[in-house]
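Numbering (the numbering used here), first residue to last: 4 to 286.
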């Protein structure tokens, strides 16, 4: 397949979720300050809930906005309408619950994506625990049912930390997590939260600038992930990725962890380096 002169583009976005409670032990930054901090750290976009006011402030700072919503068969129209008000680059949808039947999930997702397209919105179905996509098997079943019903693939937003924990993996992670590359290559949004097979979030650094031993197998996985995604790309495609860490307030971060925002900023830098290395290998 011929390649264009324009290489695939990486957009790295910061999550307002990671910035919850920042800076630690002091008065929390205002939304405006959080936006400024993300821009100064080199992020191209920010992600948050369906707040048109916040999205407008992010765009005013020169960044794109990605909207996160959760939805189900009863409220998806309301949630999608709220997301549309943010004029997002993409929306990330956590759909249903752990016990949502795949058939119902697919029915809802097809209607949601059809409406999103009519509104000019790109929607991605996130793989996440306690949703309809909480395991690789459920996700694959949804993908197959969606293809049968709609005649086209389901586009996922992958957060592989959940699958790694479900499968109790030891490194290297890529052979098991990237075993369905055709489905992966359709993705346009990825969550990059460092993990291992026992924890959905691990520290990237020791808080003094050095990578933790556990971080290195994860970064190796990111390289394999980018290589797999890039394999069929001809140029001009865009991949949105979120170097993220959950805050202590929400239970992802623990009291013994280094500052999660500082780690997210460092992860953005590591991710950029890995992406450039993968692009060079394609030449």
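Beta carbons: idealized from backbone N, C-alpha and C, even for Gly.
Values in this document were obtained by computation on a predicted structure and should not be read as measured data.
Item, Value
"Identify the residues that DSSP records as bridge partners of residue 72: which are they?", "96"
"Which term fits residue 273, buried or exposed, when burial requires 16 or more other beta carbons within 10 angstroms of its beta carbon?", "buried"
"Which word fits residue 106, buried or exposed, when buried means at least 16 other C-beta atoms lie within 10 angstroms of its C-beta?", "exposed"
"Taking residue 47 as the reference, which of 30, 65, 35 has the closest Cα?", "65"
"Quick one: complete beta strand (DSSP E) runs, 3+ long, within the region 156-222?", "159-162, 192-195"
"Kindly identify the DSSP beta-bridge partner or partners of residue 49.", "17, 68"
"Where do the N-terminal and C-terminal ends of the alpha helix (DSSP H) with residue 61 fall, by residue?", "55-63"
"Might you give, ordered along the chain, the residues of its own chain that have their beta carbon closer than 7 Å to the beta carbon of residue 179, omitting 5 neighbours on each side?", "170, 172"
"Near residue 174, what residues of its chain come up, given a Cβ to Cβ distance below 6 Å and the 5 sequence neighbours on each side ignored?", "220"
"Considering only the beta carbon of each residue, do residue 68 and residue 89 sit closer than 8 Å?", "yes"
"Pop quiz: residue 193 and residue 160 are said to be a contact at Cβ under 8 Å. What is the actual Cβ separation, rounded to whole angstroms?", "7 Å"
"How far does the alpha helix (DSSP H) with residue 135 in it extend, from its first residue to its last?", "No alpha helix (DSSP H) holds residue 135; DSSP gives it neither H nor E."
"Taking C-beta to C-beta, are residue 262 and residue 27 nearer than 8 Å?", "yes"
"Below 8 Å on the Cβ atoms is my guess for residue 100 versus residue 133; work out the distance and round it to an integer in Å.", "6 Å"
"Since I believe residue 50 is in contact with residue 16 (beta carbons under 8 Å), could you give me their beta-carbon distance rounded to a whole number of angstroms?", "5 Å"
"When DSSP builds the beta bridges, which residues end up paired with residue 104?", "Beta-bridge pairing links residue 104 to no other residue."
"Around the Cβ of residue 102, are there at least 16 other Cβ atoms within 10 angstroms (buried) or fewer (exposed)?", "exposed"
"Check residue 242 in the structure and name its three-state DSSP category.", "strand"
"Roughly how many angstroms separate the alpha carbons of residue 158 and residue 230, rounded to a whole number?", "19 Å"
"Under three-state DSSP, which class holds residue 228?", "helix"
"Alpha carbon to alpha carbon, what distance is there between residue 209 and residue 53?", "34 Å"
"Taking the alpha helix (DSSP H) that residue 43 belongs to, which residues open and close that run?", "34-43"
"Identify the continuous beta strand (DSSP E) that holds residue 128 and give its terminal residues.", "126-129"
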